[in-house]
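Residue numbers are given in my numbering: position 123 of the sequence shown equals residue 123, and the series is strictly consecutive. The beta carbon of each residue, even a glycine, is placed where N, CA and C say it ideally should be. Quick caveat: nothing in here was measured; it's all calculated off a predicted structure.
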Amino acid sequence: MKILAINLPAFHRIKENDEWWGEGFTEWDNVKSGKKYYEGHIQPVKPINEYYYDLSKMEDISRQIELANEYGVSGFVFYHYWFGNKKMLFEKPVEMLKDKKDEKIEYCFCWANETWKTTWHGKEPKELMPQLYLGKEDWKEHIEYLIEFFKDERYIKIDERPVMFIYKPNEIIHYNEMIDYWNQYLEDNGMKKVYIIEYVCSKNKGLYSMKSDAVFEFEPLYSTFFDISNINKAKRAICKSLKIIDYQNYDNLWKKILKRKRTYKGKTIYKGCFCAWDNSPRKEKNSMIIKNSTPEKFETYLRQLVHTKRKDASEDYLIINAWNEWSEGAMLEPTEHLQYRYLEAVRNVVNEKTEY
1 MKILAINLPA FHRIKENDEW WGEGFTEWDN VKSGKKYYEG HIQPVKPINE
51 YYYDLSKMED ISRQIELANE YGVSGFVFYH YWFGNKKMLF EKPVEMLKDK
101 KDEKIEYCFC WANETWKTTW HGKEPKELMP QLYLGKEDWK EHIEYLIEFF
151 KDERYIKIDE RPVMFIYKPN EIIHYNEMID YWNQYLEDNG MKKVYIIEYV
201 CSKNKGLYSM KSDAVFEFEP LYSTFFDISN INKAKRAICK SLKIIDYQNY
251 DNLWKKILKR KRTYKGKTIY KGCFCAWDNS PRKEKNSMII KNSTPEKFET
301 YLRQLVHTKR KDASEDYLII NAWNEWSEGA MLEPTEHLQY RYLEAVRNVV
351 NEKTEY
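Put into structure tokens, the structure is as follows:
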């Protein structure tokens, strides 16, 4: 089983963020804004050696790849922001990687298809970048862009089919027709059909379409939506209405992940998990902190998940949230206070699996 990690390519300047949030803004500004909310709460979290990297620089992307290779992460699932009319954001890091053929890492895309709003830092919602679904011409422009990545030998393929995760298939207008169009385009260009993996969480509550090939259980937002008790759900609703922090327990959520038996009409399941979670730096209100996480617990639970047999579950890939979601507290990358311990946990589990 290979380990993939979700990768957020937002750690560099773009003109849109300069306009929306101020000159020079990057995702690191969210990270640095973290506040302590209780004794022992580590905020703001700092990268080791204060390495606030810039993903518009190839050397910083190369450092991510070097770490992934060293610690047993086989590949990245990069968030891909396509809003329609060829409008994209944060596309530069993966475009540079595509052209740098000597970098040895597997990768694929997750189309993070949603409208961007000013929901961070408790601001009243205001639309920044609408997610548009514009029909065949846009489908064509999108797949023309994607196929150049699909041709890359490093791009992740299942049965020779390029893998594409989709965050909210349920919101895509004429979704089935779009998939048919993409598949015909790929076949006309001598390639196999796209392998679609739907995210399943509060945003997409189950398998949306039989045109999709598989599902991915996105953690921890899967477990906090489906698997917690009714009492806990009521507590969460109260926290949201009062705009206060929702605290959850790391061990309780991991137990739900390990005991899960849900199926999706025979579709393949790609198991998901998370290393930790604290999105208070990104959302001062309506945030969630999952307490009691440690690298040692993560290693124990990850080992169990790798070896747990489950109906319809893939034994090829397992996806961790995340490589570098720093402002959500979900990062394998080394921090000042925990050093390389989360990465070491992954390597320990991967090395054991290799020996079986």
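C-alpha gap between residue i and residue j, whole angstroms
i: I173; j: Y264; result: 22 angstroms
i: F83; j: T115; result: 8 angstroms
i: F78; j: L8; result: 6 angstroms
i: D18; j: R260; result: 43 angstroms
i: L318; j: Q339; result: 23 angstroms
i: K309; j: D60; result: 37 angstroms
i: S33; j: Y51; result: 16 angstroms
i: K223; j: W254; result: Looking at the sequence itself, residue 223 is Ser, so the reference to Lys does not match. Taking the straight line from one Cα to the other gives about 8 angstroms.
i: E336; j: I42; result: 10 angstroms
i: S314; j: D102; result: 29 angstroms
i: I156; j: P162; result: 6 angstroms
i: K86; j: D138; result: 8 angstroms
Helix, strand or coil at residue i [DSSP, three-state]
i: W21; result: helix
i: M191; result: coil
i: N30; result: helix
i: Y81; result: strand
i: E355; result: Since pLDDT at E355 reaches only 48, below the 50 mark, its modelled position is unreliable, and the value read off the structure follows with that caveat. DSSP places E355 in helix when its eight states are reduced to three.
i: M1; result: coil
i: N230; result: helix
i: V346; result: helix
i: W277; result: coil
i: T115; result: coil
Of the listed residues the options, nearest to residue i (C-alpha basis)
i: L128; options: V31, K15 and K235; result: K15
i: I320; options: K311, E299 and K235; result: E299
i: C273; options: F216, I196 and E328; result: F216
i: V349; options: P169, N232, Y71 and K240; result: Y71
i: Q131; options: E137, K168 and K98; result: K168
i: F76; options: W182, I48 and M164; result: M164
i: E27; options: W21, F11 and S202; result: F11
i: F25; options: K36, D54 and W139; result: D54
i: E66; options: E95, K98, I105 and H80; result: I105
i: K297; options: Y342, A322 and Y270; result: Y342
Residue environment, residue i, which counts as buried when at least 16 other CB atoms sit within 10 Å
i: Y134; result: A small correction: the amino acid at residue 134 is Leu; Tyr does not occupy that position in the sequence shown. Classification of L134: exposed, given that the 10 Å Cβ count is below 16.
i: K100; result: exposed
i: S202; result: exposed
Discussion item. Three Cβ pairs or more, each shorter than 8 angstroms: is that satisfied between the segment 162-180 and the segment 210-220?
Written reply: yes
Discussion item. Contact between the segment 151-163 and the segment 191-198 is defined here as three or more beta-carbon pairs at a separation below 8 angstroms; is this criterion met?
Written reply: yes
Item to complete: Could you tell me whether the segment 320-330 touches the segment 277-287, using the rule of 3 or more Cβ pairs below 8 angstroms?
Response: yes
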